[in-house]
Amino acid sequence: MESGKQFKEKNPMGMQDRDWWKEAQKERTRKESRSNNTALPASLKRGSAAIAVFWLVVMGLLYAGMAHYLKPRAVSISASGDLVIPRARDGHFYAAGLVNGKPVNFMVDTGASLVTVSEKFSRTADISAGVPTVFKTANGDFRGRIVSDVPVALGPVSISSVRIGVGLVGDNANDALLGQSFLSKFEIVLSKEQMILRQR
654 MESGKQFKEK NPMGMQDRDW WKEAQKERTR KESRSNNTAL PASLKRGSAA IAVFWLVVMG
714 LLYAGMAHYL KPRAVSISAS GDLVIPRARD GHFYAAGLVN GKPVNFMVDT GASLVTVSEK
774 FSRTADISAG VPTVFKTANG DFRGRIVSDV PVALGPVSIS SVRIGVGLVG DNANDALLGQ
834 SFLSKFEIVL SKEQMILRQR
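For what it's worth, our numbering labels the leading residue of the sequence shown as 654, then goes sequentially.
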């Protein structure tokens, strides 16, 4: 009897208390485990958002860098009065110019028969009328029109009556092709780094 009394004094918890204590400990462990599980997705979300922001910044910088990298460089004038167009890093020749007094970004295309602009640009530059036609290109046929006597300028050189095509399809309404209806007025000298247009 005395030994049972001693046991109770040493272990004041009864069987029910002990079971309750174990259940309480299990429940506390479950709650801690649940709170750790909910914290993990939040940290993952923050990490994913940080990675997404990082890549958006990187892509934005790359885009800005490429836009600057491919931006047309200015046409210069040589000592003898020739137009000098530097070759762009993508291998093409680009130059800023004017069509009917409005600014365009020309890509020089010695294989194109006409200076060609987009329909949207033609409305901005007040280039109307013209003869309807179908242009045949490497990318397929497209409808457009040919307009005569349009002034075209490149650097300080302006030619007042150039035939142009309207209907170019491209990424930017102000992009244009500088074709033979303008280029034929020049002798063209090509080198690795530049194109020289020498007036005939």
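All C-beta atoms in this analysis are idealised placements derived from N, C-alpha and C, irrespective of residue type, glycine included. Predicted model, so just to flag it, every value in this text is computed and none were measured.
query	result
Residues near Val805 in its chain [Cβ-Cβ closer than 6 Å; skip 5 each side]	Val752, Val768, Ile812, Val815, Phe835
Beta-carbon spacing of Pro809, Arg798 below 7 Å	no
Member of Ser801, Gly820, Ala782, Ala727 whose CA lies at the smallest distance from the CA of Phe795	Gly820
CA nearest to the CA of Met760, picked from Gly754, Ala677, Asp743, Ala703	Asp743
Asp672 versus Arg681 - alpha carbon distance	14 Å
Beta-carbon gap between Val737 and Ile841 smaller than 7 Å	no
Opening and closing residue of the alpha helix (DSSP H) in which Ser814 lies	Run containing Ser814: none in the alpha helix (DSSP H); it sits in the beta strand (DSSP E), 810 to 819.
CB of Gly750 within 7 Å of CB of Leu807, strictly	yes
The beta strand (DSSP E) enclosing Ser834, as first and last residue numbers	Looking at the DSSP string, Ser834 is not in any beta strand (DSSP E); the run it does join, the alpha helix (DSSP H), is 833 to 836.
Cβ-based burial, Val800 [other Cβ within 10 Å; buried from 16]	buried
Environment of Phe707 [buried if 16+ CB atoms lie within 10 Å]	exposed
Best match in Ala778, Phe839, Ala791, Ala677 for proximity to Asp828 [C-alpha to C-alpha]	Ala778
Pick from Lys845, Gln852, Asp762 that is closest to Ala791, judged by C-alpha positions	Asp762
Proximity test, Cβ basis, 7 Å: Asp802 and chain C	Of the protein chains in this structure there is only one, and it is not chain C.
C-beta atoms of Leu830 and Ala727 nearer than 7 Å	no
Simplified DSSP state of Thr769, which is helix, strand or coil	strand
CA nearest to the CA of Asp824, picked from Ala677, Lys773, Arg683	Lys773
Alpha carbon of Val710 to alpha carbon of Tyr716, nearest angstrom	10 Å
Beta-carbon separation (whole angstroms), Pro756 vs Gln847, contact threshold 8 Å	So it is not a contact: roughly 22 Å between Cβ atoms.
Selected residue, minimal CA-CA separation from Ala826, among Ala677, Lys789, Asn758	Asn758
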